[in-house]
Structure formats: structure tokens, C-alpha cells
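Q:
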Amino acid sequence: MKLIVAEDVNVYYGDNHVLRDISLSISEHTVTALIGPSGCGKTTFLRTLNRMNDYIDSFRVEGKIKIDGKDIYGNKVKVEELRQKVGMVFQKPNPFPKSIFDNVAYGLKIQGTKDKKSIGERVEKSLKQAALWNEVKDILHKPALSLSGGQQQRLCIARTLAVKPSIVLMDEPASALDPISTAKIEELILELKENYTIVIVTHNMQQAARVSDRTAFFYMGELVEYSKTSDMFTNPKNKATENYITGRFG
Amino acid sequence: MAQVELEIQALKDNLLDMIELVENQVSRCRTIIETKDEKLAREVIADEQKVNAQELAIDKDCENIIALYNPVASDLRFVLAAIKISNDLERIADNACSLAKFLKRHVTSIDHKLLQEFGIAEMLDTCTSMLRDMHKALREDDTKLARKVFDKDHALNAIKKRSVKSASALLKEYPDDLKVILRLFTIVRNLERVGDLTKNIGEEIVFHIEAQVLKHQK
Numbered sequence: 005m006k007l008i009v010a011e012d013v014n015v016y017y018g019d020n021h022v023l024r025d026i027s028l029s030i031s032e033h034t035v036t037a038l039i040g041p042s043g044c045g046k047t048t049f050l051r052t053l054n055r056m057n058d059y060i061d062s063f064r065v066e067g068k069i070k071i072d073g074k075d076i077y078g079n080k081v082k083v084e085e086l087r088q089k090v091g092m093v094f095q096k097p098n099p100f101p102k103s104i105f106d107n108v109a110y111g112l113k114i115q116g117t118k119d120k121k122s123i124g125e126r127v128e129k130s131l132k133q134a135a136l137w138n139e140v141k142d143i144l145h146k147p148a149l150s151l152s153g154g155q156q157q158r159l160c161i162a163r164t165l166a167v168k169p170s171i172v173l174m175d176e177p178a179s180a181l182d183p184i185s186t187a188k189i190e191e192l193i194l195e196l197k198e199n200y201t202i203v204i205v206t207h208n209m210q211q212a213a214r215v216s217d218r219t220a221f222f223y224m225g226e227l228v229e230y231s232k233t234s235d236m237f238t239n240p241k242n243k244a245t246e247n248y249i250t251g252r253f254g
Numbered sequence: 003m004a005q006v007e008l009e010i011q012a013l014k015d016n017l018l019d020m021i022e023l024v025e026n027q028v029s030r031c032r033t034i035i036e037t038k039d040e041k042l043a044r045e046v047i048a049d050e051q052k053v054n055a056q057e058l059a060i061d062k063d064c065e066n067i068i069a070l071y072n073p074v075a076s077d078l079r080f081v082l083a084a085i086k087i088s089n090d091l092e093r094i095a096d097n098a099c100s101l102a103k104f105l106k107r108h109v110t111s112i113d114h115k116l117l118q119e120f121g122i123a124e125m126l127d128t129c130t131s132m133l134r135d136m137h138k139a140l141r142e143d144d145t146k147l148a149r150k151v152f153d154k155d156h157a158l159n160a161i162k163k164r165s166v167k168s169a170s171a172l173l174k175e176y177p178d179d180l181k182v183i184l185r186l187f188t189i190v191r192n193l194e195r196v197g198d199l200t201k202n203i204g205e206e207i208v209f210h211i212e213a214q215v216l217k218h219q220k
């Protein structure tokens, strides 16, 4: 089933036309990698999927982005509900200056969940899903900022999962991590796709090849190629894609 | 130019050198038949060591490129093709060496009608031409030329098929030369195998450039 469908999406920051006629669809329970050189529009596209760009005054979008068949830029859409459904993990781990437990419970409390038992269970489940439970189960009330970078990033993933999204957006989630932590995040992505649909922006070609089912190559605001990852990395159809993934430019 | 491009170009240059050396081995076997030059046969035999060393160097280059540059797309296909092509070339060189050893021993004494009846010179000409085509096809990324190898391989297959008849006729005519005739029969089979290996090289060149898999297709 196609969970995310973008149709002729154009995005502008003021006069700057940053995304041009982007059309693509993403199936449920898959990992989609967005790749391309800096400034190509991949992060802008990612952020249109949960309306994170709305915070930018000059931002304007044309075309349609449908999630579960509903246009997320429609008049009746509540952005808070959309972001609950479409969670996001950022490049730099950004835990709140609170305890590990409170970080994961934060979204639930904001949503109005008061039952402590229910919150405790959800925190444990989310930390388990983020492959962090075994490392933090005895220090849940210690400050989140005392964790390592890799642990902090998995905590942020747990925080995202706690509010039960169906889609998780990841903006270069492992770019600030060492190889071991990166491997853990990649394993986690592969495990999470059983229950979630994941869209990831990455500058690491090997990471895109390892974790994603499909890859979209953006260049100068256009979607140049979108295909099965195994096809793109063995036999890309477009010369620009070939040049980019083989390191000839970008 | 990206470092991976430089590495790929260096690998390609080494592979072209190896094809050239092996093609030379095959064409010199042809010259030995003409000139009965035993010294040339010794040179062909000695060159086998050079070919072996080139194969090892190419294997190492491929290993380094895979480990250090994580090649993808056409770069990856080229590295995979290079591993197989160098292996095919080494086996062609083995066959050329084996023929050179035979010629070193018999070229001055053998009745050249036997060589002629088996079509050895004709096969060597065809093999040389195939290898020359593969050198050019790889150098110029010319898949049309690479595909030409298939027709020439058919010609070698036809000579091999004919050699069964030739062998039985010659055995009657030259009963005292049984060993040499059987050896020549084996050489025909080996040269037909050289054709197959060269055909494999053509398939790998097409794979590298067009991402088309031709092997095992009738």
C-alpha cells in the first residue's frame, strides 16, 4: 500500500524555487533513502512530509502530499496530529535536559496521558524498540545528557516512537556518530521497518545502500531518479545519478 | 578527477597491458610455426610468469578498490569484470605456454602437414584477432566490437569439430606419429577453450559497460 504520495510538489522559499515537480510514492513498511548533493532539496522534501517547513516565513508549497490518502496541506489538517503520526529524528541528537525516562515520556504527557503505569509501559516498549532498554533500564532517572552520542540518538528515536507514529523521518541520523553507533542505528532502522515506514536523508551512499529499499536521487531541486536501491547502486538509469553515486561530482 | 576514477583508470591500464601480453603470447605461437624459432618459444614460456604476476597484481588492485572506495554502479561492474577477465587471461596464457612447450620440442621435426590439417595456425590467427578485438573493445568501451567475439568463437568451434575427422584420417596416414597427433588433437581443444575464455572476456566487457548479463545465454 502507498502510504505517502507526493504529486507535482513545488516548494519555494520566497523567490527561490527549491523543489520542482516532485512526484513519488512510498509504500508502507519500507525504508526510502533521499540522497543528493548539499542544497539539492532532499531535506526540504523530507520536512514537507510533516510540515516542518511551515516554521519558515517565506515557505510556500504547491502540489499535493497525501498520507493515508489525505492531503496533509489541506485546510482541516491539524499539524500537531500530523506530527504525531509523522515523527522526526534529527541529525544531531537533541535530548531535553531531563531524565532519560522523562525524555521518552514527554510526548505522551503533552498528549495528555496521565496514567503512570501506561506511561511506564510505553517508555519501556519504546526504549526496547530503540534497542536502548538494556543499556539504560537501571539508570532511567539519570540525565539524558549523560548518555553517549549514539545512546542519545537512540533515545531520540525512542522519544519519537513513544507517541506511536506510523512514519519516521530521519535527517542524517548517524552523521554525528562513530561507526559502532552508526551500525546500531542502521540495524535499528532495519528492525523498525517491520512496524514503521521510514524516510531517511543521508549523505552516506553506503548507508543508503545498506538500509533502504528504494532510493530517490535529488539534484538541483529535481527528482532525477527514484528506483529500487539495488538497481540504483548497480545500474543507475541516469548519468547524473551514476556520476553522483560514484563520486564523480557532489 | 576523483581518486576512485584514478584507481579505476590504473586498473584498466593494467588489464589492457595483461591482454596485450597474452595476445602477444598467442600470436608468437603462430610466428613459431612460421619461423620454427625455438628461442621465441622459450620467451612465450617465460612470459607465463609475467602473466601470473599481472593476475595477482590485478586481484590486489581490485581488493583495494573494493575495500577502500566501496565502488558502485559502473565502477563496481568494472572491478567485478576485471577480476574475471584477469582470471580468463591467465588461463589463456596457460594454454599458450603449453602450446609453446610443444612447439619448442617438435616444431623443427614435425611434418607441417599435420599442423595444417588440424588448422592450428588458423586457430591461432583467430584467437589473436579475438584478443586484439577485446583489447580495443575494452580500451574504447566498444560493446559492438566486444560482441564480435561470438562469431569468431563459432569459427573456432567449427575447426574443433572438424578436427575429430582430421585426427582419425591422419592416424591412418601417419601411424608412427600417434603421440604427436593425439597431442595436436588436445591442442585444438585447448585453442577452442581459448576461444571460449576470450568470449567470456567479451561478455564481461558488455556487462561492465551496459550492465547486461550475456553469459549462459544461447
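Line by line, the protein sequences are chains U and B. If you're matching positions, the first sequence starts at 5 in the numbering used here and goes up one per residue. If you're matching positions, the second sequence starts at 3 in the numbering used here and goes up one per residue. Here a beta-carbon is modelled for each residue, glycine too, at the ideal position from N, C-alpha and C.
Tell me whether Phe105(U) is buried or exposed, calling it buried when 16 or more other Cβ atoms sit within 10 Å of its Cβ.
A: buried
Q: Considering only DSSP beta bridges, list what Pro147(U) is partnered with.
A: Beta-bridge pairing links Pro147(U) to Ser103(U).
Q: Report yes or no: do three or more beta-carbon pairs, one from the segment 7-26 of chain U and one from the segment 224-234 of chain U, lie closer than 8 Å?
A: At 8 Å Cβ cutoff, the stretches touch.
Q: Just the chain U side, please: which residues come within less than 7 Å of Glu205(B) by C-beta, in chain order?
A: In chain order: nothing, as chain U lies at least about 16 Å away.
Q: Do Glu7(B) and Ile67(B) come within 8 Å of each other at the CB atom, strictly closer than that value?
A: The Cβ atoms of Ile67(B) and Glu7(B) do not sit closer than 8 Å to each other.
Q: I need the boundaries of the alpha helix (DSSP H) containing Ala98(B), first residue and last residue.
A: 75-108
Q: Flag this pair as touching only if the segment 47-64 of chain U and the segment 74-94 of chain U have three or more C-beta atom pairs under 8 Å; answer yes or no.
A: yes
Q: Are any of the Cβ atoms in chain U nearer than 8 Å to that of Glu9(B)?
A: Not flagged as an interface residue toward chain U: Glu9(B), since no C-beta distance is shorter than 8 Å.
Q: Given a threshold of 16 other Cβ atoms within 10 Å of its Cβ, counted over all protein chains shown, does Asn192(B) qualify as buried or as exposed?
A: buried
Q: Specify the secondary structure class of Ala180(U) as computed by DSSP and reduced to three states.
A: coil
Q: Give me the residue from Met20(B), Glu212(B), Gly197(B), Met3(B) with the minimum Cα distance to Ser244(B).
A: There is simply no residue 244(B) to check, as chain B begins at 3 and stops at 220 in what is shown.
Q: Under 8 Å, Cβ to Cβ, is there at least one residue of chain B near Gln211(U)?
A: Chain B, which has no Cβ nearer than 8 Å to the Cβ of Gln211(U), makes this no.
Q: Going straight from the alpha carbon of Arg149(B) to that of Ser170(B), what length do you get?
A: Spanning the alpha carbons of Arg149(B) and Ser170(B) requires a straight line of approximately 34 Å.
Q: List, in chain order, every chain U residue whose beta-carbon is nearer than 7 Å to that of Asp77(B).
A: Thr250
Q: Quick one: give me the first and last residue of the beta strand (DSSP E) that Ser27(U) is part of.
A: 20-31
Q: Could you tell me whether any Cβ in chain B is nearer than 8 Å to the Cβ of Glu85(U)?
A: no
Q: I'd like the list of long-range same chain contacts for Ile183(B), defined as Cβ closer than 8 Å, with 5 residues on each side in sequence excluded.
A: Leu116, Ala169, Leu172, Leu173, Tyr176
Q: Whose Cβ in chain B lies nearer than 9 Å to the Cβ of Pro240(U)?
A: Val74, Ala75, Ser76
Q: Span of the beta strand (DSSP E) holding Glu198(U)?
A: Glu198(U) -> no beta strand (DSSP E), and no H or E assigned at all.
Q: Using a Cβ-Cβ cut-off of 7 Å (strictly less than) and excluding sequence neighbours within five positions of Leu18(B), which residues of its own chain qualify?
A: His137, Leu140, Arg141
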